[in-house]
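According to this note's numbering, numbering within the sequence shown proceeds without interruption in unit steps and concludes at 255.
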Amino acid sequence: MDGYLEVYHHDSVHGKTVGPHTVGNLLVHDTWGAHQRMAFARKNIQELNHVSPEAWEQPESYIRVVHSVFPNLSISAILGGQCLVGFIFPGDNSATTVTRQLILSSEVPTTTEERAAVETFSQMTLQAVRDEDYALVATVQGALRSGANESFLIGRNEPAVQHYHWEIEKLFNASRGD
Numbered sequence: 078m079d080g081y082l083e084v085y086h087h088d089s090v091h092g093k094t095v096g097p098h099t100v101g102n103l104l105v106h107d108t109w110g111a112h113q114r115m116a117f118a119r120k121n122i123q124e125l126n127h128v129s130p131e132a133w134e135q136p137e138s139y140i141r142v143v144h145s146v147f148p149n150l151s152i153s154a155i156l157g158g159q160c161l162v163g164f165i166f167p168g169d170n171s172a173t174t175v176t177r178q179l180i181l182s183s184e185v186p187t188t189t190e191e192r193a194a195v196e197t198f199s200q201m202t203l204q205a206v207r208d209e210d211y212a213l214v215a216t217v218q219g220a221l222r223s224g225a226n227e228s229f230l231i232g233r234n235e236p237a238v239q240h241y242h243w244e245i246e247k248l249f250n251a252s253r254g255d
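So this is what it looks like as structure tokens:
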């Protein structure tokens, strides 16, 4: 789930997919128990500098909101009425997971252009997650398994990742009776 809980990697990892559209160092984070919400800016947010707040319309044109339902569900509202729903399940062993993603659309695409837009979004999402995120995760996991480090620091720019791991720690400690 860590990859769905921060955005600073968008510029470096997703230079051709997500990165050109999002601001990776601007994030608002809220929690409700173990659950979370993140909102971050799209690159066009500066357009709002020239519009009075009373005239702001369609906030999804300027921000993205990701809701994380603990422990394994992510709901990301995207521009154009698209929604990415991701489920991450345990795999066959502690080093693997299974990801299921759904692309939802607020309207049934009826025209050729609408269907093409949904397909383009779907393919971009697949490329960003499978080819960019998960390819990088495989190298990170390999480094972690090497035993070269005894600890792993989660930075201040990762409040949602921190919160997620604190919630896992609470469950682990509760199961041990701590």
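Glycine included, each C-beta is placed from N, C-alpha and C at the ideal position.
Since we're looking at a predicted model, the values are computed, not measured.
One alpha carbon belongs to G157, the other to G219, and they sit about 37 Å apart. Here A116 really is in contact with I140; their C-beta atoms are around 5 Å apart, less than 8 Å. Every alpha helix (DSSP H) of 4 residues or more that sits fully in the stretch 140 to 223 is shown, in chain order, as 189 to 203 and 211 to 222. In the structure shown, D255 falls within a coil segment according to DSSP collapsed to helix, strand and coil.
One Cα belongs to V206, the other to G96, and the distance between them is close to 13 Å.
Bridge pairing for H112: W109 [DSSP]. For A172 and V84, the gap between their C-alpha atoms comes out near 23 Å. For G232, the secondary structure class from DSSP, reduced to helix, strand or coil, is coil.
In the DSSP secondary-structure assignment, F117 is bridged to L104 and R141. Its chain contains I165 as the residues whose beta carbon lies nearer than 6 Å to that of T176, once the 5 sequence neighbours on both sides are disregarded; these appear in chain order. For T94, the closest C-alpha among the options E227, G224, F249 and Q200 is that of Q200. In this chain, D79 is not harboured by any alpha helix (DSSP H), its DSSP state being neither H nor E. Taking each of V128, H112 and H127 in turn and checking the Cα distance to H242, the smallest one comes out for H112. Assignment of beta-bridge partners to T99 by DSSP yields R119. Judged by DSSP in its simplified three-state form, Q239 adopts helix. The C-alpha of E209 lies about 16 Å from the C-alpha of G101. Assigned with DSSP and collapsed to three states, N226 falls in coil, not helix or strand.
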